[in-house]
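First the structure, in the form of structure tokens, and then the observations on it.
In this note's numbering, the protein residues as written are -18 to 189.
Structure representation (structure tokens):
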């Protein structure tokens, strides 16, 4: 694993240097901290201990505001350290087990952009995590199924769609943008229900 940019300047901006370990028997994982406040995690499998240490270290980065995670699996402790400054999360090809600890450790989220691998599995888990963490500050939710995902993994049940609708109606008071891309309702009435729950949402985009 390679860690890029571990440290801060006196004013809280991210510094630049390289530390870590490269294991030639495994694919190279990259954790990069950029000067614009973004943390990028790619192709990493982090144990509970490593994730806790990384998150504890990141608490000192006052300018960190965005996490971008792809092709990775992160194991979180039962009570992960919070990263309050992070407001934006982008996740692609992240194991479903990572969502609970990831979302619960980011109480300041306003934007989430998640590419799902199985709509009926991932959306209920994301919904449940956001319900537990509150979700009051969320302004943008983007949930996307990739074009390569089989049709049966793009479909969601009535329970899943209504659970998302309830979250939006009851807890996301500041939500302005909702996107469901390639996520299919099995019952058309459920889409109507979701739309009714989004009366306060300024922009809603559902593309099948």
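Beta carbons are placed, not taken as given, at the ideal position from N, Cα and C, and that holds for glycine.
Since this is a predicted model, take the numbers as computed values, not measurements.
Within 10 angstroms of the Cβ of residue 2, are there 16 or more other Cβ atoms? Answer buried if so, exposed if not.
Counted from its first residue, the chain shown places residue 2 at position 21. Model confidence at residue 2 stands at a pLDDT of 34, short of 50, so the residue's coordinates are unreliable; what they give is reported in the following sentence. Exposed is the call here.
Run through DSSP, which three-state label would residue 125 get?
Residue 125 sits at position 144 when you count from the first residue of the chain shown. Correct three-state label for residue 125: strand.
Taking just the CA atoms, how far does residue 105 sit from residue 141?
The residue labelled residue 141 in the question sits at position 160 within the chain shown. The residue labelled residue 105 in the question sits at position 124 within the chain shown. Just so you know, the alpha carbons of residue 141 and residue 105 end up roughly 6 Å apart.
Through-space distance from residue 24 to residue 8, alpha-carbon basis:
Here residue 8 refers to the residue found at position 27 when the chain shown is read from its first residue. Here residue 24 refers to the residue found at position 43 when the chain shown is read from its first residue. In this prediction, residue 8 scores a pLDDT of 46, lower than 50, which makes its location untrustworthy; no coordinate-derived value is stated.
State the Cα-Cα distance for the pair residue 35 and residue 169, rounded to the nearest angstrom.
To locate residue 35, count along the chain shown from 1; it is residue 54. To locate residue 169, count along the chain shown from 1; it is residue 188. Those two C-alpha atoms are separated by around 44 Å.
Can you tell me whether residue 94 is helix, strand or coil according to DSSP?
Locating residue 94 in the chain shown gives position 113, where the first residue counts as 1. Reduced to three states, the DSSP call for residue 94 is strand.
Near residue 153, which residues of its chain fall below 6 Å by C-beta distance, leaving aside the five closest residues on each side in sequence?
On the chain shown, position 172 is the one that residue 153 refers to. The answer, listed in chain order, is 116 and 119.
Reduced DSSP category for residue 73 - H, G, I as helix; E, B as strand; rest coil:
Taking the chain shown and counting its residues from 1, the one referred to as residue 73 is at position 92. Strand at residue 73.
Around the C-beta of residue 139, are 16 or more other C-beta atoms found within 10 angstroms, so that it is buried, or is it exposed?
As a working note, residue 139 is residue 158 in the chain shown. Residue 139 comes out exposed.
Can you grab the Cα-Cα spacing for the pair residue 165 / residue 137, in whole Å?
For the purposes of this step, residue 165 is identified with residue 184 of the chain shown, where counting begins at 1. For the purposes of this step, residue 137 is identified with residue 156 of the chain shown, where counting begins at 1. One C-alpha to the other measures close to 6 Å.
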